[in-house]
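Trainee: For the protein sequence lines, the chains are A and B, in the order given. Per the numbering used here, the very first residue in the first sequence carries number 81; after that it's consecutive. Per the numbering used here, the very first residue in the second sequence carries number 81; after that it's consecutive. Don't be surprised by glycine CBs; every beta carbon is placed ideally from N, CA and C.
2 protein chains.
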Amino acid sequence: MTPPTDDDAGRFAFEGLDRVLHEKARLGILASLLAHRDGVTFTDLKDLCALTDGNLSRHLTALQKASLIAIEKGTAGRRPQTRVKLTATGKKRFLEYLAVLEGIISGALSNATPPATTADAQLNPA
Amino acid sequence: MTPPTDDDAGRFAFEGLDRVLHEKARLGILASLLAHRDGVTFTDLKDLCALTDGNLSRHLTALQKASLIAIEKGTAGRRPQTRVKLTATGKKRFLEYLAVLEGIISGALSNATPPATTADAQLNPA
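1. Compute the Euclidean distance between the alpha carbons of Lys-153 (chain B) and Leu-110 (chain B), then round it to the nearest angstrom.
2. Return the residues of the region 120-143 of chain A that lie within a Cβ-Cβ distance of less than 9 Å from chain B, sorted by chain order.
3. Under 8 Å Cβ to Cβ from Arg-106 (chain B), same chain only, skipping five residues before and after it: list those, please.
4. Pick from A:Leu-131, A:Lys-165 and A:Val-180: whose alpha carbon is nearest that of Ile-149 (chain A)?
5. Taking Val-164 (chain A) as part of the beta strand (DSSP E), name the residues at either end of that continuous run.
6. With 8 Å as the limit, tell me which residues of the region 179-191 of chain A have their beta carbon closer than that to any beta carbon of chain B; keep them in chain order.
7. Could you name the residues that DSSP lists as bridge partners for Val-120 (chain A)?
8. If we call anything under 8 Å between Cβ atoms a contact, is Leu-131 (chain A) one with Val-120 (chain A)?
9. Whole-angstrom Cβ separation of Leu-125 (chain B) and Ser-112 (chain B), contact assumed at under 8 Å?
10. Which same chain residues, not among the five before or five after Ser-186 (chain B), have their C-beta less than 8 Å away from its C-beta?
11. Let me check understanding here. Comparing Cα to Cα, which of B:Thr-169, B:Phe-174, B:Ile-184 and B:Pro-160 lies closest to Phe-122 (chain B)?
12. Please work out which residues of its chain come closer than 8 Å, Cβ to Cβ, to Ile-184 (chain A), disregarding the five sequence neighbours upstream and downstream, and give them in chain order.
13. Return yes when the Cβ of Leu-178 (chain A) is within less than 8 Å of the Cβ of Ala-188 (chain B), no when it is not.
14. Label Lys-171 (chain B) either buried or exposed according to how many other C-beta atoms from any shown protein chain fall within 10 Å of its C-beta, with 16 as the threshold for buried.
15. Name the one or two DSSP bridge partners that Lys-172 (chain A) has.
16. The alpha helix (DSSP H) with Ala-142 (chain A) in it runs from where to where?
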């Protein structure tokens with residue numbers, strides 16, 4: 081395989097991969113909200129994503145600051161209820177993020193399976 | 081859309097998504113190494129991933145501790161040269177990670193596009 085050229089500089093920097101969204105717990109939160117267009121209560125979101133109160137709160141604050149989600153405080157019967165929804169911006173940014181990620185994966189997988197040659201097999205027995 | 085049921089608990093926890101690999105810079109490093117089966121020098125890897133010396137070093141240490149990469153110290157002419165390679169374990173774990181990620185993306189995208197109804201359109205004008 082040829083060594084990297086100058087043209088390859090930054091090729092694997094993945095600039096398009098939004099760090100605000102690229103966090104395991106946030107990925108779960110955003111996927112939950114994308115699947116529930118009417119929003120999800122705080123309690124349900126905690127269960128869906130297997131997060132603690134504190135952890136979920138911290139991630140929601142970060143996502144809200146980035147205008148990706150909206151948090152609505154209301155009541156269910158007499159009890160207070162917090163409902164979380166994806167904003168239009170959040171939906172757009174998350175779908176864009178998923179598309180970037182898809183491109184990275186297909187690129188990585190296509191690079192992983194070059195046509196095997198005898199020389200390769202000898203150099204890389206594993 | 082129906083509210084989450086008990087069966088959905090942890091559905092978006094994405095347990096299979098390995099945190100050691102799920103970091104933007106590490107994703108770039110591993111994808112670079114997957115594309116260069118003979119390994120990449122420290123200098124080339126820095127360029128490919130657009131990382132500083134310190135940042136790349138820290139991530140390589142973490143990946144080496146997890147037995148995902150091997151670091152070989154050698155020389156090129158009279159100058160010391162560090163070469164980084166994906167281990168067999170690293171290749172296996174990274175391909176598994178990519179497969180998990182692919183599943184998450186296709187799941188999220190399939191949930192994102194339910195058949196639109198008039199009620200949905202009224203509730204979710206955005």
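Mentor: Taking the definition as stated:
1. Reading the second sequence from its first residue, position 73 is the one you call residue 153 (chain B). Reading the second sequence from its first residue, position 30 is the one you call residue 110 (chain B). Looking at the two C-alpha atoms, the distance is approximately 19 Å.
2. Val-120, Thr-121, Asp-124, Leu-125, Asp-127, Leu-128, Cys-129, Ala-130 and Leu-131
3. As a position in the second sequence, residue 106 (chain B) is number 26, starting the count at 1. The residues are Val-100, His-139, Ala-142 and Leu-143.
4. On the first sequence, residue 149 (chain A) is found 69 positions in, with the first residue counted as 1. Selected option, being the one with the closest Cα: A:Lys-165.
5. What you label residue 164 (chain A) is simply residue 84 of the first sequence in a count that begins at 1. Start and end: 159-166.
6. Leu-181, Glu-182, Ile-184, Ile-185, Gly-187, Ala-188, Leu-189 and Asn-191
7. Position 40 of the first sequence, counting from 1, holds the residue named residue 120 (chain A). Answer is A:Val-164.
8. Looking up residue 131 (chain A) in the first sequence gives position 51. Looking up residue 120 (chain A) in the first sequence gives position 40. Contact flag unset, no.
9. Taking the first residue of the second sequence as 1, we reach residue 125 (chain B) at position 45. Taking the first residue of the second sequence as 1, we reach residue 112 (chain B) at position 32. Leu-125 (chain B) to Ser-112 (chain B), Cβ: 6 Å. Contact.
10. On the second sequence, residue 186 (chain B) is found 106 positions in, with the first residue counted as 1. Excluding residues within five positions, none has a Cβ falling inside 8 Å.
11. Numbered from 1 along the second sequence, position 42 holds the residue referred to as residue 122 (chain B). Checking every option, the nearest Cα to that of Phe-122 (chain B) belongs to B:Pro-160.
12. By one-based count along the first sequence, residue 184 (chain A) stands at place 104. Counting only Cβ-Cβ distances below 8 Å, and skipping sequence neighbours, we find Phe-94 and Leu-97.
13. Sequence index remark: in the second sequence, residue 188 (chain B) carries index 108 (1-based). Sequence index remark: in the first sequence, residue 178 (chain A) carries index 98 (1-based). Yes; because the gap between Cβ atoms is below 8 Å, this pair is in contact.
14. In the second sequence, residue 171 (chain B) corresponds to position 91, counting from 1. When all chains shown are included, Lys-171 (chain B) counts as buried.
15. The residue given as residue 172 (chain A) occupies position 92 in the first sequence. None, per the DSSP bridge assignment.
16. Within the first sequence, residue 142 (chain A) is the residue found at index 62, counting from 1. Where Ala-142 (chain A) is concerned, the enclosing alpha helix (DSSP H) stretches over 133-145.
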